[in-house]
Every structure is written in C-alpha cells, then in structure tokens.
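Just so we're on the same page, this note's numbering is the position in the sequence shown counted from 1, plus 33.
To keep things clear, I will list the structure first and then write my remarks on it.
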Amino acid sequence: MSGGRFDLRRSVIDSPWTAVIAVMLMAVAASATGLDNGFAYDDLVVIADNARVHELRWPWAYFGESYWGPARGDDLYRPLTILGFSLQWALRGGSPLPFHVMNVVLYAACSVGVLWLARSVMPGAAALFAALVFAAHPVHVEAVGNVVGQAELLVALVVIAAVGLYIRDRRAGPLRGRTTMWIALLYLGGLLVKEHAVVLPLLLLAAELAIVSRPRTRDDAAAVRLLLLLLTLVLVAYLTLRLSVIGRLTGDVPHPGIAELGVVGRAWVMLGLVPDLARVLLWPARLSADYSPQLVAVMPSPALAHIPAALILLVLGGLLVVSARRSNAARFGALWLAVGLLLPSNLPVPTGVLMAERTLFLPSVGLALLLGLAFAASWRSQRAWAPAARVGICAVLAMGAMRSSARQGAWQDNAAVISTMLAEAPTLYRGHQMLGQTIAVRDEFALAEPALRRAVELYPGSPVAQLDYARVLQLLGQCDRALPYFDAALRLDPASQVGQVNRAICLLQIGRLQEARLRALQGLASGESPTAYQAIRWTADSMLLAADSADSRNLFARTGREFERSGDGRVRLPIRYVLPPALESSGNMQQSSRSDSERTPK
Numbered sequence: 034m035s036g037g038r039f040d041l042r043r044s045v046i047d048s049p050w051t052a053v054i055a056v057m058l059m060a061v062a063a064s065a066t067g068l069d070n071g072f073a074y075d076d077l078v079v080i081a082d083n084a085r086v087h088e089l090r091w092p093w094a095y096f097g098e099s100y101w102g103p104a105r106g107d108d109l110y111r112p113l114t115i116l117g118f119s120l121q122w123a124l125r126g127g128s129p130l131p132f133h134v135m136n137v138v139l140y141a142a143c144s145v146g147v148l149w150l151a152r153s154v155m156p157g158a159a160a161l162f163a164a165l166v167f168a169a170h171p172v173h174v175e176a177v178g179n180v181v182g183q184a185e186l187l188v189a190l191v192v193i194a195a196v197g198l199y200i201r202d203r204r205a206g207p208l209r210g211r212t213t214m215w216i217a218l219l220y221l222g223g224l225l226v227k228e229h230a231v232v233l234p235l236l237l238l239a240a241e242l243a244i245v246s247r248p249r250t251r252d253d254a255a256a257v258r259l260l261l262l263l264l265t266l267v268l269v270a271y272l273t274l275r276l277s278v279i280g281r282l283t284g285d286v287p288h289p290g291i292a293e294l295g296v297v298g299r300a301w302v303m304l305g306l307v308p309d310l311a312r313v314l315l316w317p318a319r320l321s322a323d324y325s326p327q328l329v330a331v332m333p334s335p336a337l338a339h340i341p342a343a344l345i346l347l348v349l350g351g352l353l354v355v356s357a358r359r360s361n362a363a364r365f366g367a368l369w370l371a372v373g374l375l376l377p378s379n380l381p382v383p384t385g386v387l388m389a390e391r392t393l394f395l396p397s398v399g400l401a402l403l404l405g406l407a408f409a410a411s412w413r414s415q416r417a418w419a420p421a422a423r424v425g426i427c428a429v430l431a432m433g434a435m436r437s438s439a440r441q442g443a444w445q446d447n448a449a450v451i452s453t454m455l456a457e458a459p460t461l462y463r464g465h466q467m468l469g470q471t472i473a474v475r476d477e478f479a480l481a482e483p484a485l486r487r488a489v490e491l492y493p494g495s496p497v498a499q500l501d502y503a504r505v506l507q508l509l510g511q512c513d514r515a516l517p518y519f520d521a522a523l524r525l526d527p528a529s530q531v532g533q534v535n536r537a538i539c540l541l542q543i544g545r546l547q548e549a550r551l552r553a554l555q556g557l558a559s560g561e562s563p564t565a566y567q568a569i570r571w572t573a574d575s576m577l578l579a580a581d582s583a584d585s586r587n588l589f590a591r592t593g594r595e596f597e598r599s600g601d602g603r604v605r606l607p608i609r610y611v612l613p614p615a616l617e618s619s620g621n622m623q624q625s626s627r628s629d630s631e632r633t634p635k
C-alpha cells in the first residue's frame with residue numbers, strides 16, 4: 034500500500050512470494066485441463082501395454098533394463114523414468130490420473146524453478162515475466178499432456194536446480210563442497226531420467242561466462258576443477274552403465290529423413306526447419322504431435338528455400354548480440370537457448386525426430402529469460418506506447434495460457450491425437466499411418482489398408498509405413514501386392530527382422546519356395562530369429578518335397594526307391610537329414626535382439 038492506494042507493481046511484480054503464487058496459478062491454469070487425459074501415443078507402449086511398469090520390483094531391477102524393452106530393440110536407457118512410472122501405476126492400479134497429476138505438479142515446479150533461476154540473474158519484474166511466459170507457453174503442452182513427457186519435466190527441473198545452485202555460490206565466491214556434491218548428484222539423477230541432461234556442464238559454463246563477473250581466484254579455479262572432475266566421473270559411470278545394458282552409447286533409430294545423412298547434410302535439413310522452429314517458439318498458434326514430411330520440408334542440400342531460414346537466423350542473431358552486450362542476463366538466456374537446442378538439432382547425433390515440441394521444453398527456459406527481459410523493459414517504459422505495450426503483454430500471456438489449456442485435450446487419448454493430427458495436417462503421413470495401425474490392431478485389415486496406403490503415398494521414405502502397409506496386405510492374403518512394399522521397407526532398413534521374416538513368409542504363400550528357403554538359410558546363418566526361420570525352412574522343404582522338386586540342398590532328401598511299402602501295405606517315404614554346410618558350425622550362434630524400433634503407437 035502507498036498513500037492508501039494499492040501498489041500493483043510492488044505487491045505483485047516485486048514481491049517474491051506473490052510472484053511464486055502468480056506463476057503457480059498460471060502453470061496450473063495452462064495445464065490442469067490435462068488431468069482428465071488418458072494414455073496416448075508413446076504412453077501406450079511405454080506404460081499402458083508395458084508389463085514391466087505394472088508391477089513394483091526392487092529398485093535396482095530397473096537399472097538393468099532398457100527404456101523400450103526387448104520388443105522395441107532395447108533402445109534408450111532411462112531407469113529412473115520407468116521406476117517412477119511403476120510407482121505411479123501402483124498408486125491407483127493403472128489409472129492415468131496419478132500420472133497426469135504428477136505432470137501438472139512438475140510443470141508448476143519447473144515454472145517456479147524458472148522464477149527462482151531468473152531472479153538470480155535479473156531484476157524481479159523481468160524474472161516474473163520470464164516465469165509467466167514459461168508457464169503459459171503452448172509449446173509445453175506435449176510434455177505436460179502426454180505422460181511420457183514427464184521425463185522432459187524432470188530433466189528440466191534437475192538442470193534448473195543445478196544451474197541455480199551454481200550461480201548462487203559463484204556470485205558470492207567459490208563453490209562450496211556441499212553445492213558441488215548436490216550438482217553432481219543432480220547430474221546423475223538427470224542422466225538416469227533422460228539423456229538430455231548431458232548438456233548440464235555446458236549450461237554451467239554458460240553461467241560462468243555470462244553471469245559471474247567478479248575476479249576469479251585460485252580457490253574459484255580449484256572448486257570448479259573439482260566439480261568438472263566429479264561431473265566427468267558421473268558421465269563416465271553413466272555411459273558405462275548405459276553401454277552395458279543397451280549395448281551402445283547413442284539411442285533412437287534416426288528419423289528416415291536424416292538416417293543416411295552426415296553432419297553437413299543434417300545441418301542443411303535443420304537449417305530448413307528454422308522457420309518452423311521460430312514460429313513454434315515465438316507464435317505457437319499452430320502445433321502438431323509430429324513434424325515429418327510433408328508438414329515440414331526436408332532439404333539435405335542447399336536450396337532457395339534456405340534463404341528465409343538464413344535471414345531469420347541473421348535477424349535473431351543480431352538482436353541477441355545487441356542485447357547480450359547490454360545485459361549479462363540476456364547473454365545467459367541466449368547461451369541457454371543455444372545449448373538447449375544442441376541435441377534437438379540432430380547435429381551431434383541423429384535422433385528419431387526432425388523436430389518435436391517436447392524436446393523444446395528445456396531450451397525454452399532460455400527463451401523465457403529473453404522474453405522476460407523484453408517484457409519488463411516494455412512494461413516499465415515511460416514512452417507514449419508503454420500503456421499499449423502493457424496491454425499487449427497481458428494479452429499475450431492470457432492467450433498463451435488459454436491456448437495451452439485448450440490444447441491439452443489434443444492428448445486425451447490416441448483417438449484424439451489421431452483426429453487432431455488429421456484435421457490440422459491432412460498431408461502428414463504420420464496421422465494416416467497411426468489411423469491405419471489403430472484399425473489394424475482390431476484385425477480390421479480391409480479398413481486399415483486405405484489409411485496405410487495413403488501414408489506410403491505421402492511419404493515413401495518411411496520404412497515403418499512401408500512395412501505396416503506390406504503387413505496389412507499380407508494379412509489380407511495379397512502377398513503378390515505386399516512383396517514390393519516389403520522390398521521397399523528393407524531397402525530403407527535392411528536390418529528389419531520383422532520385414533525379413535514376413536517377406537519370407539509371403540514368398541511361401543505365393544509359392545516361391547526356393548527363394549523363401551534361401552532367405553531362411555541366410556537368416557539361420559546370421560543367428561537372427563532362429564525359431565521363425567527354422568519354421569520357414571521346414572515348411573519350404575516339405576512343400577518342395579511334396580511338389581517333387583527336392584534336391585541335395587533340401588533339408589529332406591530322398592533315399593531308396595521312389596515309394597516303399599511296409600509289410601502292412603502302408604506307403605513310406607524314407608528321408609534322411611542333411612545339414613547344410615553353412616550351418617555346420619552355427620550351433621554356438623546367439624539370437625540377435627535387434628528389431629524395428631521406429632516409435633509407432635500400437
């Protein structure tokens with residue numbers, strides 16, 4: 034109160050606790066409509082249909098398993114995420130409500146965390162606006178409305194806490210030992226939730242360069258070296274554990290649009306996506322559960338369409354350089370945004386998506402810091418346009434919260450995801466593919482065929498779309514039509530055992546027995562899917578024998594006369610077992626666990 038009047042600026046903008054309440058209310062308003070959501074999209078594979086989540090086990094059991102499980106190629110390593118899902122499943126026997134309550138709580142905590150982090154690097158008004166922008170931003174809906182987005186929320190919370198602790202200590206003096214240990218533990222926990230936490234050391238470096246302005250002493254250097262040593266040990270331990278469980282350091286089958294590209298080719302593709310990325314971050318009026326061709330352009334080499342993207346980068350880069358020179362907080366926000374986009378950019382390693390809203394959750398912290406500074410400067414300006422700017426800021430925040438709240442319903446269930454995707458982007462192959470998959474699961478293959486055919490027409494470059502369509506044709510008894518699509522799928526993904534086995538079965542069904550038999554022998558020699566290939570081989574051999582076309586390469590070879598009769602008059606066809614030379618030393622071969630793992634909801 035001031036002179037009997039209510040001072041809005043002092044009571045809300047500059048009051049820490051009032052700011053916390055305001056940010057929490059904004060986050061809940063933007064996300065609470067998702068409490069009624071069920072399981073959708075990847076939730077079905079990771080949670081609803083995953084027996085590993087449906088029972089509580091000793092905690093260490095989760096550390097010896099992959100994220101996706103054997104059925105999905107043992108890809109990715111996120112043991113704490115799966116453990117958390119198991120605990121939430123146990124709360125109400127598989128009800129989705131505890132999962133969505135947790136997501137809303139984590140989202141509010143992340144928003145308050147952004148407020149706390151922002152207040153350590155910028156004035157109270159700017160920090161409040163930064164947190165409100167973060168809480169209201171519609172790009173976060175996928176991470177909050179879809180249960181598996183919980184990993185994004187946890188990683189962001191961990192990283193925000195670690196960076197905030199680092200800044201608190203470094204602005205006052207050297208890092209304290211207790212803070213160093215907390216940061217190391219947070220780093221380990223973040224990595225075990227999701228691999229995106231790997232960028233934490235780079236964010237700490239950004240904070241050191243942008244925020245810490247006092248002279249650095251020997252004690253400072255010694256404390257930082259100790260922290261770097263601990264973080265390195267944590268990273269090495271995590272990578273060793275990950276390698277021992279899933280057999281590789283990287284994860285996710287790359288998106289087919291970038292699977293065969295090197296760093297330069299991926300850089301051209303991602304440059305072409307800059308306009309879409311800028312639009313989603315700065316004006317997210319149009320959102321999508323998937324960003325694949327034909328919704329976004331894939332340009333692996335220089336093209337005229339790269340010019341707008343280059344211009345956008347130049348303009349944004351220029352604005353960031355100018356603002357960073359004037360403000361340490363702006364420099365920090367720009368560095369956070371750049372570091373946060375490092376993994377989603379597909380430049381270090383190719384990932385399973387070209388662009389995904391959920392992967393923008395962590396980078397958007399940097400964007401919120403930058404917008405918070407801009408909004409605060411406009412709000413406190415004394416120029417003639419300042420009142421209009423204040424109205425505009427309030428309108429933007431209100432529209433963002435309303436858009437987020439309404440968008441939560443798009444993740445209600447799989448039907449909502451598919452219908453929303455088809456309505457918003459009818460030329461996106463993914464929506465048609467998901468529709469066909471959903472219908473095929475109900476064994477209505479004739480109804481699924483047109484949707485999957487449309488998916489292949491829209492994007493022939495997806496091996497899974499080709500394989501899905503081939504499988505439906507096969508199940509419809511149309512193997513002659515299915516074979517070209519099996520061939521196309523295997524050209525795109527030669528390692529697909531599902532494709533190889535079912536193609537061989539199709540060859541049996543249309544009578545191309547020698548080809549089916551040869552494929553079975555090749556599969557047995559490689560040690561992959563031995564049960565399936567042995568069945569194919571025996572079937573082909575018996576059919577070849579019945580057709581009187583057996584030869585010395587057959588599993589069954591004739592001996593004696595063409596027919597022999599036993600004493601009781603029954604006809605016997607004596608056979609002897611012939612072990613092909615290629616398999617004579619295959620007894621010690623082990624079955625490979627590799628399988629298709631492009632993420633497709635089933």
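Heads up, the beta-carbon is just placed ideally off N, CA and C, and yes, glycines get one too.
Computed from a prediction, not measured in an experiment: that's the story for all the values here.
In whole angstroms, give me the CA-to-CA distance for Val181 and Ile115.
The alpha-carbon atoms of Val181 and Ile115 are separated by roughly 10 Å.
According to the neighbour-count rule (16 or more other Cβ atoms, all chains shown, within 10 Å of its Cβ), is Thr564 buried or exposed?
exposed
Just to confirm the assignment, what range does the alpha helix (DSSP H) spanning Gln441 have?
No alpha helix (DSSP H) holds Gln441; DSSP gives it neither H nor E.
Assess contact between the region 438 to 450 and the region 61 to 68, defined as three or more Cβ pairs (one per stretch) separated by less than 8 Å. Is contact present?
yes
Hey, out of Leu395, Asp75, Ala163 and Val286, whose CA is closest to Leu525's CA?
Val286
Less than 6 Å between C-beta atoms, sequence neighbours within five positions excluded: which residues of the same chain meet that for Leu113?
Leu225 and Val226
Arg545 to Pro493, Cα distance in whole Å?
26 Å
When the Cα atoms are used, what is the spatial distance from Leu374 to Val331?
18 Å
Just tell me which of Cys143, Ser48, Gly97 and Ala123 has its CA closest to the CA of Pro396.
Cys143
I believe Leu404 touches Ala163 by the beta-carbon criterion, under 8 Å. Please report the beta-carbon distance rounded to the nearest angstrom.
7 Å
Straight-line CA distance for Val177 to Gln183?
7 Å
Can you tell me whether Phe365 is helix, strand or coil according to DSSP?
helix
Measure from the alpha carbon of Trp149 to the alpha carbon of each residue in Val398, Trp301, Leu264 and Ala515, then state which is nearest.
Comparing Cα-Cα distances from Trp149 to each of Val398, Trp301, Leu264 and Ala515, the minimum goes to Val398.
First and last residue of the alpha helix (DSSP H) that includes Trp112?
Looking at the sequence shown, residue 112 is not Trp but Pro. Per DSSP, Pro112 belongs to the alpha helix (DSSP H) from Pro112 to Leu124.
Assuming Gly556 contacts Gln533 (C-beta within less than 8 Å), just tell me the rounded distance between them.
6 Å
Go ahead and pull the three-state DSSP assignment for Gly282.
Note that residue 282 corresponds to Leu in the displayed sequence, not to Gly. Reduced to three states, the DSSP call for Leu282 is coil.
If you drop the 5 nearest sequence neighbours on each side, which residues of the same chain put their C-beta closer than 6 Å to that of Pro381?
Excluding residues within five positions, none has a Cβ falling inside 6 Å.
Taking the CB atoms as reference points, tell me whether Val86 and Trp50 lie closer together than 7 Å.
no
Have a look at Thr212 and Ala528 and give me their C-alpha separation to the nearest angstrom.
Counting only the Cα atoms, Ala528 lies some 47 Å from Thr212.
What is the DSSP secondary structure of Tyr74, counted as helix, strand or coil?
coil
Using the Cα positions of Gln499 and Leu306, report the straight-line distance between them to the nearest angstrom.
25 Å
Beta-carbon within less than 8 Å of Ala553's beta-carbon, same chain only, minus the 5 sequence neighbours each way: which residues are those?
Ala537, Tyr566, Gln567, Ile569, Arg570 and Ala573
In chain order, what residues of the same chain have a beta carbon less than 6 Å from the beta carbon of Met388, not counting five sequence neighbours either side?
Cβ neighbours of Met388 beyond the five flanking positions: Leu306 and Tyr324.
CB Val192 to CB Leu259, shorter than 7 Å?
no
With a threshold of 7 Å on Cβ separation, who are the neighbours of Ala549 within its own chain once the five nearest residues in sequence on each side are excluded?
Residues Ala537, Leu540, Leu541, Ile569 and Ala573 of the same chain have their beta carbon placed closer than 7 Å to that of Ala549, with the five preceding and five following residues left out of the count.
Tell me which residue opens and which closes the alpha helix (DSSP H) that Gly206 is part of.
Careful: Gly206 lies outside any alpha helix (DSSP H) and carries neither H nor E.
Taking 8 Å as the cut-off, does the region 287 to 300 touch the region 414 to 426 (at least 3 CB pairs, one atom from each stretch)?
no
Helix, strand or coil for Met435, going by three-state DSSP, please let me know.
In the structure shown, Met435 sits in a helix (DSSP, three-state: H, G or I).
Identify the continuous alpha helix (DSSP H) that holds Gly305 and give its terminal residues.
Val296 to Gly305
Assign Ala52 to one of three DSSP states: helix, strand, or coil.
helix
Quick check on DSSP: helix, strand or coil for Ile193?
helix
Output the boundary residues of the alpha helix (DSSP H) element that contains Ala503.
Pro496 to Leu508
In chain order, which alpha helix (DSSP H) runs of at least 4 residues are fully inside the region 142 to 172?
157 to 169
For the alpha helix (DSSP H) holding Met654, just list the boundary residues, first then last.
No statement about residue 654 is possible, as the shown extent of the chain runs from 34 to 635 and does not include it.
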